[in-house]
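As numbered in my numbering, residues 87 to 314 make up the sequence shown, in order.
Have a look at the structure below, then the notes.
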Amino acid sequence: MPAPRAFSFQRVAFLVQHTLRVEFRQGHALIGLLLFALSSVYAAFQSVGDDAGAESWNALIWIVLIFTAFNAMARPHADDRPENRQYLTHIVRPLEWMLARTLYHWALMTVLAALVFAAFSLFLGTDHLVGGRGWWLFAGLELAGWALASCLTLLAAIAALAGAGFGLTAVMGLPLIVPIVLVATRFGNDLLSGLSGEETVENLLFLGALAGGITAFGLVLFPYLWRD
């Protein structure tokens, strides 16, 4: 049975809903992600206390977000099994599958980034984020989380096709996330050094452009790898 020709958002929505149902049935995996994020923040708090300097505060929150993203994307999905993928090639288009996986990981990173920010605010305080700069940093965390999700989703999909697992994702991912890390940490440093969000908004826009560009690249590239 050949794969459907016409792109369908209904199939994308179904794939997202299917992934969510599987994840909630295996609730221990999601709880493990939340506990990993919280324990990482608590470890940072134990290391520097609640009076961390601006540079330490900024560095720690991005480190926690990056490792949380890698931990979230490293988990295997049922659709990554060769027999499942072989079946999916006949019922969905590769663009639909990739878009659904990206949207799911975007939603997951939205929750995890919000959790990391809330935990940092609780344990390490927000003394460096007065004057509304906390909302700007929160927006930066969300955009950086989306960019990381887009990049690591593509790499995890390639690794699954190659049968290499998380090792290949980590090897390819670490160099590719460097631009995201550089822009994100620069944005955070500007905010915590006293600049307003409007004065460093170009870094926020750059993060958004990275998230959108990586997503577009993955959606264009992945269909060529799907059937190989």
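Quick reminder that beta carbons are idealized off the backbone N, C-alpha and C, glycines included.
Test: residue i CB closer than 7 Å to a CB of chain D
{"i": "Ile177", "result": "The structure shown contains no chain D; it holds only a single protein chain."}
Nearest-angstrom Cα separation, counted from residue j out to residue i
{"i": "Leu206", "j": "Ile149", "result": "The residue asked about is misnamed: residue 206 is Phe in this sequence, not Leu. The straight-line gap from Cα to Cα measures roughly 12 Å."}
{"i": "Arg111", "j": "Val197", "result": "18 Å"}
{"i": "Ser94", "j": "Gln103", "result": "15 Å"}
{"i": "Ala199", "j": "Val108", "result": "22 Å"}
{"i": "Arg187", "j": "Phe153", "result": "20 Å"}
{"i": "Trp221", "j": "Leu277", "result": "10 Å"}
{"i": "Ala225", "j": "Leu290", "result": "8 Å"}
{"i": "Leu307", "j": "Leu181", "result": "9 Å"}
{"i": "Phe131", "j": "Ile266", "result": "24 Å"}
{"i": "Gly304", "j": "Leu208", "result": "36 Å"}
{"i": "Tyr128", "j": "Ala245", "result": "32 Å"}
{"i": "Ala297", "j": "Thr239", "result": "12 Å"}
{"i": "Asn96", "j": "Leu185", "result": "Contrary to the premise, residue 96 reads as Gln rather than Asn in this sequence. Rounded to whole angstroms, Gln96 to Leu185 spans 12 Å at the Cα level."}
Cut-off 7 Å between Cβ atoms - residues of its own chain near residue i, not counting five sequence neighbours on either side
{"i": "Phe292", "result": "Val269"}
{"i": "Leu223", "result": "Leu215, Gly274, Leu277"}
{"i": "Leu247", "result": "Leu311"}
{"i": "Thr286", "result": "Phe273, Asp276, Leu277"}
For residue i, the nearest candidate out of the options (CA to CA)
{"i": "Cys237", "options": "Ser94, Ala115, Ile300", "result": "Ile300"}
{"i": "Ala158", "options": "Gly220, Gly231, Ala129, Phe131", "result": "Gly231"}
{"i": "Asn262", "options": "Ala242, Pro180, Ile117", "result": "Checking the sequence, you will find Leu at residue 262 rather than Asn. Cα-wise, what sits closest to Leu262 is Ala242."}
{"i": "Arg161", "options": "Leu223, Ala145, Gly294, Ala235", "result": "Ala235"}
{"i": "Leu146", "options": "Ile266, Phe203, Leu189, Ala99", "result": "Phe203"}
{"i": "Glu228", "options": "Leu121, Ser142, Ala193, Phe303", "result": "Ala193"}
{"i": "Thr271", "options": "Met258, Asn144, Thr212, Glu284", "result": "Asn144"}
{"i": "Trp183", "options": "Val98, Asp213, Gly135, Gly211", "result": "Val98"}
{"i": "Gly211", "options": "Ala295, Ser142, His114", "result": "Ser142"}
Beta-carbon separation (whole angstroms), residue i vs residue j, contact threshold 8 Å
{"i": "Ser279", "j": "Ala140", "result": "6 Å"}
{"i": "Val178", "j": "Leu101", "result": "7 Å"}
{"i": "Leu201", "j": "Leu116", "result": "Between Leu116 and Leu201 the Cβ distance is about 11 Å, and since that is not below 8 Å, they are no contact."}
8 Å Cβ shell around residue i - same chain, five flanking residues per side excluded
{"i": "Gly106", "result": "Here residue 106 is Leu; the residue named in the question, Gly, does not match the sequence. Within the same chain, Leu106 has close Cβ partners Tyr190."}
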